[in-house]
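A.B. asks:
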Amino acid sequence: MAGSQTYYLTTPIYYVNDVPHIGHAYTTLACDVLARFMRLDGYDVKFLTGTDEHGQKVEKSAMNAGVEPQAFTDRVSKNFRDLVSLMNYSNDDFIRTTEKRHVESAQAFWRRLEERGEIYLGSYAGWYSVRDEAFYGEDELTTTPSGKKIAPTGAECEWVEEPSYFFRLSAWQDRLLEFYEKNPDFIAPAGKRNEVIAFVKSGLKDLSVSRTTFKWGIPVPGNPEHIMYVWLDALVNYITAVGYPEMGEGSEFAKRWPADLHMVGKDILRFHTVYWPAFLMAAEMAPPRRVFAHGWWTIEGQKMSKSLGNVIAPETLVNTYGLDQTRYFLLREVPFGNDGDFSHRAMVNRVNGNLANDYGNLVQRVLSMIGKNCGAAVPQPGPFTEADQALLGAAHALLDTVRGELKAQAFHKALDAIWAVVGDANRYVDEQAPWALKKTDPARMATVLYVLAETIRHLAILTQPVMPDASSKILDQLALGPDERGFGRLGEGGALKAGTPLPAPQGVFPRYVEETKGE
Ligand code: MSP
4 MAGSQTYYLT TPIYYVNDVP HIGHAYTTLA CDVLARFMRL DGYDVKFLTG
54 TDEHGQKVEK SAMNAGVEPQ AFTDRVSKNF RDLVSLMNYS NDDFIRTTEK
104 RHVESAQAFW RRLEERGEIY LGSYAGWYSV RDEAFYGEDE LTTTPSGKKI
154 APTGAECEWV EEPSYFFRLS AWQDRLLEFY EKNPDFIAPA GKRNEVIAFV
204 KSGLKDLSVS RTTFKWGIPV PGNPEHIMYV WLDALVNYIT AVGYPEMGEG
254 SEFAKRWPAD LHMVGKDILR FHTVYWPAFL MAAEMAPPRR VFAHGWWTIE
304 GQKMSKSLGN VIAPETLVNT YGLDQTRYFL LREVPFGNDG DFSHRAMVNR
354 VNGNLANDYG NLVQRVLSMI GKNCGAAVPQ PGPFTEADQA LLGAAHALLD
404 TVRGELKAQA FHKALDAIWA VVGDANRYVD EQAPWALKKT DPARMATVLY
454 VLAETIRHLA ILTQPVMPDA SSKILDQLAL GPDERGFGRL GEGGALKAGT
504 PLPAPQGVFP RYVEETKGE
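For the sequence shown, the residue numbers in my numbering are 4 to 522.
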């Protein structure tokens, strides 16, 4: 869409040390829903995801698997690319940090920092956690009875002593604080913002940004004994994907940077809200506009972990409950930003309650009544009553509400608002009892069914970002073409035309039936 407003959003890039689980699927899902929403709202969207393939953690995993790191990353990265079709993500690009475009970009960014005097050579002696790929100060660690040093994240640390380049992070403390002050929406949710500010106020030390004791990374330009710290390498992916180091007028970078949103899990907030804006400011480039930190999923009340054997693969959920059901559950069940628990019970309640009973039944009831009683075509409405206008008004008002909630990444509230109208519509069906009007007042029945079909049209257009396939099936049943599904069609302007023939209705949200043992 030429000239339309741009929106650039990113997921973290996933470490290729492991197969994807629902935590990974969740971060990308949230971005996918926003990307789809913004496209339907007329924005020129770029939605980026990818894999983080360098560093000690990945090198170790490759060694454990007995494979060369490149072959290993090719294999594991594919699992994340497969997740894209499994979960129906609509990303516009998939970046791998082992790609040439990224190696060149990371090296160009390094030189840019070096030219500005932001990087100097020294030596590092301190603690490092391979699991977190992070440096820790002695004061942050606890010691186990056996003398092991443990980071606040629970990860074990090892002592590292090696020559290292440093980034002058300490020099950016005040400018970071000023930046947070001037940009109150930069870090969300608000509680996380306060944590970051407190951390920066407590004092920043210069950051080690190169390693020499292993090889799997991007060589430091001019001193290939060193490889770049994996977090510097990884963060740069966000600018690589918009064509950096090409930054001139008319470039993709000029069009899309700064990013509108980096979506991240709460564990990697510091890298995105302290290191990354400091690197960018030091490189005389704009920091991203916003970083949102979401919470973590536990499984039936327990932390997800390999040792507990309770790691859930996204595939299992999709195969058991359905794709759109899974997408809906993950964003509806837990207020976005909070930690949440996955349980089979909660999932079944959502699938059978909100989807099969509330939304699915509404659509099925209304469309079958139209099919049977209105000649399988959009009915001709008569004058609208107050009740009709109230329901249509609620449907018309939804876009603004949903837009506002999604601007704040409040997916659960956006869905609550949509389901409030689903509830209104179901109450309206019961009150108006169109089946009874069939004999007494067929013209009024036609009006009621028209109002309901029009409400369903609004609901289905607005549920597209979260449930693309199911919504599309509903819109098909309303005989709406591909160009009649954007948000521009919401409201009276795109209203259903009486007489339009409708295809035979079919169920969209099956009930989940518990398998009974012994059957
Ligand atoms: N490679 C880094 C990110 C670099 S971005 C420049 C990384 N990768 S990761 O694979 O470990 O994690 C990726 C994302 O998955 C993070 O946002 C993390 O919060 C998320 N999750 C991992 N486990 C999770 C849960 N149990 N629940 C929700 N999200 C979780 O960090």
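Using N, Cα and C, we set each Cβ at its ideal position, and we do this for glycine too. Treat the numbers as computed from the prediction; the structure is a model and nothing was measured.
(1) Is it the case that the region 55–63 contacts the region 374–388, given that we only count it when at least three CB pairs across the two stretches are under 8 Å?
(2) Cα separation between Ile477 and Gln367?
(3) Is it buried or exposed, Lys103, if we count other Cβ atoms within 10 angstroms and call 16 or more buried?
(4) Taking 7 Å as the limit between beta carbons, can you name the residues of its chain near Asp236, skipping five residues before and five after?
(5) To the nearest angstrom, report how far apart Gly356 and Pro504 are at their CA atoms.
(6) Is it buried or exposed, Tyr123, if we count other Cβ atoms within 10 angstroms and call 16 or more buried?
(7) I'd like the list of long-range same chain contacts for Glu143, defined as Cβ closer than 7 Å, with 5 residues on each side in sequence excluded.
(8) So Leu12 is in the alpha helix (DSSP H); what residue range does that whole segment cover?
(9) Assuming the contact rule is C-beta atoms closer than 8 Å, His501 and Pro384 should be a hit. Round their C-beta distance to whole Å, please.
(10) Is the beta carbon of Arg293 closer than 8 Å to that of Ala191?
(11) Just how far apart, CA to CA, sit Gly45 and Gly489?
(12) Just to confirm the assignment: which complete beta strand (DSSP E) runs, minimum length 3, are found wholly within the region 246–272?
(13) Check whether the Cβ of Asp96 sits closer than 7 Å to any heavy atom of ligand 1, and report yes or no.
(14) Give me whichever residues DSSP pairs with Ile153 in a beta bridge.
(15) Indicate whether Pro227 and His265 have their beta-carbon atoms separated by less than 8 Å.
(16) Count the other CB atoms, across all protein chains shown, that sit within 10 Å of the CB of Pro15; report buried if there are 16 or more and exposed otherwise.
(17) Please tell me whether Arg514 and Ala359 are closer than 8 Å, where the distance is taken between their beta carbons.
(18) Phe182 to Lys204, Cα distance in whole Å?
(19) Who are the near neighbours of Leu311 in its chain, counting only those whose CB is closer than 7 Å to its CB and skipping five residues on each side?
(20) Hey, could you find the ends of the beta strand (DSSP E) Phe138 is sitting in?
(21) DSSP state of His24, grouped into three classes?
(22) Taking only three categories from DSSP, how would you classify Arg214?
(23) Touching or not, the region 438–447 and the region 459–466, by the rule of three or more beta carbon pairs under 8 Å?
(24) According to the Cβ coordinates, are Phe274 and Leu210 closer than 8 Å?
(25) Just to confirm before moving on: does the CB-CB distance between Ser126 and Ala158 stay below 8 Å?
(26) Out of Val245, Leu116, Cys160, Glu117, which has the shortest C-alpha to C-alpha gap to Ala137?
(27) Check each candidate in Val425, Pro338, Trp175, Ala397 and name the one with the smallest Cα separation from Tyr362.
(28) Kindly list the residues whose CB is nearer than 7 Å to the CB of Leu409, restricted to its own chain and excluding five residues on each side of it in sequence; keep chain order.
(29) Whose C-alpha, out of Tyr241, Tyr232, Asp55, Gln412, is nearest the C-alpha of Lys49?
(30) Taking 7 Å as the cut-off, is the beta-carbon of Pro338 closer than that to any non-hydrogen atom of ligand 1?
(31) Out of Gly253, Ala428, Thr466, Arg84, state which residue places its alpha-carbon closest to the alpha-carbon of Asn364.
(32) Would you kindly report the start and end of the unbroken alpha helix (DSSP H) that includes Tyr453?
(33) Using the three-state DSSP reduction, which class does Phe339 fall into: helix, strand or coil?
(34) For Gly194, decide whether its Cβ has a neighbour in chain E, counting only Cβ atoms nearer than 8 Å.
(35) Could you give the C-beta distance for Val454 and Leu89, rounded to a whole number, given that I count them as a contact under 8 Å?
(36) Would you mind working out which of Glu165, Pro248, Ile25, Lys185 sits nearest Thr216, comparing C-alpha positions?
C.D. replies: Once the coordinates are examined:
(1) no
(2) Here residue 477 refers to the residue found at position 474 when the sequence shown is read from its first residue. Here residue 367 refers to the residue found at position 364 when the sequence shown is read from its first residue. Their Cα atoms are separated by approximately 9 Å.
(3) Looking up residue 103 in the sequence shown gives position 100. Exposed, because fewer than 16 other Cβ atoms sit within 10 Å of the Cβ of Lys103.
(4) Residue 236 sits at position 233 when you count from the first residue of the sequence shown. Within the same chain, Asp236 has close Cβ partners His57, Thr100, Ala109, Gly220, Ile221.
(5) Residue 356 sits at position 353 when you count from the first residue of the sequence shown. Residue 504 sits at position 501 when you count from the first residue of the sequence shown. Taking the straight line joining both Cα atoms gives about 31 Å.
(6) Locating residue 123 in the sequence shown gives position 120, counting from the first residue. Flag for Tyr123 reads exposed.
(7) What you label residue 143 is simply residue 140 of the sequence shown in a count that begins at 1. These residues qualify, in order along the chain: Ala154, Pro155.
(8) Against the sequence shown, residue 12 aligns to sequence position 9. Unbroken run through Leu12 is the beta strand (DSSP E), 9–18; no alpha helix (DSSP H).
(9) Counting from 1 along the sequence shown, the entry for residue 501 is found at position 498. Counting from 1 along the sequence shown, the entry for residue 384 is found at position 381. Inspection of the sequence shows that residue 501 is occupied by Ala rather than by His. Rounded, the Cβ-Cβ distance is 7 Å, consistent with contact.
(10) Mapped onto the sequence shown, residue 191 falls at position 188. Mapped onto the sequence shown, residue 293 falls at position 290. The answer is yes: Cβ separation under 8 Å.
(11) As a first step, residue 45 must be located in the sequence shown, where it is residue number 42. As a first step, residue 489 must be located in the sequence shown, where it is residue number 486. If you take the alpha carbons of Gly45 and Gly489, they lie about 8 Å apart.
(12) 264–268
(13) Indexing the sequence shown from 1 puts residue 96 at position 93. No, since every heavy atom of ligand 1 falls outside the 7 Å radius drawn around the Cβ of Asp96.
(14) Numbered from its first residue, the sequence shown carries residue 153 at position 150. Paired residues: Thr145, Glu159.
(15) Residue numbering aside, residue 227 sits at position 224 when the sequence shown is read from its first letter. Residue numbering aside, residue 265 sits at position 262 when the sequence shown is read from its first letter. No. Outside cutoff.
(16) Here residue 15 corresponds to residue number 12 of the sequence shown, with the count starting at 1. Buried, since its Cβ has 16 or more Cβ neighbours within 10 Å.
(17) For the purposes of this step, residue 514 is taken as the residue at position 511 of the sequence shown. For the purposes of this step, residue 359 is taken as the residue at position 356 of the sequence shown. Contact flag set, yes.
(18) Numbered from its first residue, the sequence shown carries residue 182 at position 179. Numbered from its first residue, the sequence shown carries residue 204 at position 201. The alpha-carbon atoms of Phe182 and Lys204 are separated by roughly 13 Å.
(19) Counting from 1 along the sequence shown, the entry for residue 311 is found at position 308. The answer, listed in chain order, is Gln305.
(20) Translated into the one-based positions of the sequence shown, residue 138 becomes position 135. Unbroken beta strand (DSSP E) run through Phe138: 137–139.
(21) Residue 24 sits at position 21 when you count from the first residue of the sequence shown. It is coil, neither helix nor strand.
(22) What you label residue 214 is simply residue 211 of the sequence shown in a count that begins at 1. DSSP places Arg214 in strand when its eight states are reduced to three.
(23) no
(24) As a first step, residue 274 is located in the sequence shown; it is residue number 271 there, counting from the start. As a first step, residue 210 is located in the sequence shown; it is residue number 207 there, counting from the start. Cβ distance not < 8 Å, so Phe274 and Leu210 don't count as in contact.
(25) Residue mapping note: residue 126 aligns to position 123 of the sequence shown, counting from 1. Residue mapping note: residue 158 aligns to position 155 of the sequence shown, counting from 1. No; because the gap between Cβ atoms is not below 8 Å, this pair is not in contact.
(26) For the purposes of this step, residue 137 is identified with residue 134 of the sequence shown, where counting begins at 1. Closest by alpha carbon: Cys160.
(27) Here residue 362 refers to the residue found at position 359 when the sequence shown is read from its first residue. Per the Cα distances, Val425.
(28) Taking the sequence shown and counting its residues from 1, the one referred to as residue 409 is at position 406. Leu37, Phe40, Ala417.
(29) Within the sequence shown, residue 49 is the residue found at index 46, counting from 1. Closest option to Lys49, Cα to Cα, is Tyr241.
(30) As a first step, residue 338 is located in the sequence shown; it is residue number 335 there, counting from the start. Because no heavy atom of ligand 1 lies under 7 Å away, the Cβ of Pro338 does not count as near it: no.
(31) For the purposes of this step, residue 364 is taken as residue 361 along the sequence shown, with counting starting at 1. Closest option to Asn364, Cα to Cα, is Ala428.
(32) As a first step, residue 453 is located in the sequence shown; it is residue number 450 there, counting from the start. That run of the alpha helix (DSSP H) goes 445–466.
(33) Numbered from 1 along the sequence shown, position 336 holds the residue referred to as residue 339. Three-state result, Phe339: strand.
(34) The structure shown has no chain E; it contains just one protein chain.
(35) Here residue 454 refers to the residue found at position 451 of the sequence shown. Here residue 89 refers to the residue found at position 86 of the sequence shown. That belief does not hold up - the Cβ atoms of Val454 and Leu89 are roughly 38 Å apart, past 8 Å.
(36) For the purposes of this step, residue 216 is taken as residue 213 along the sequence shown, with counting starting at 1. Minimum Cα distance to Thr216 is reached at Glu165.
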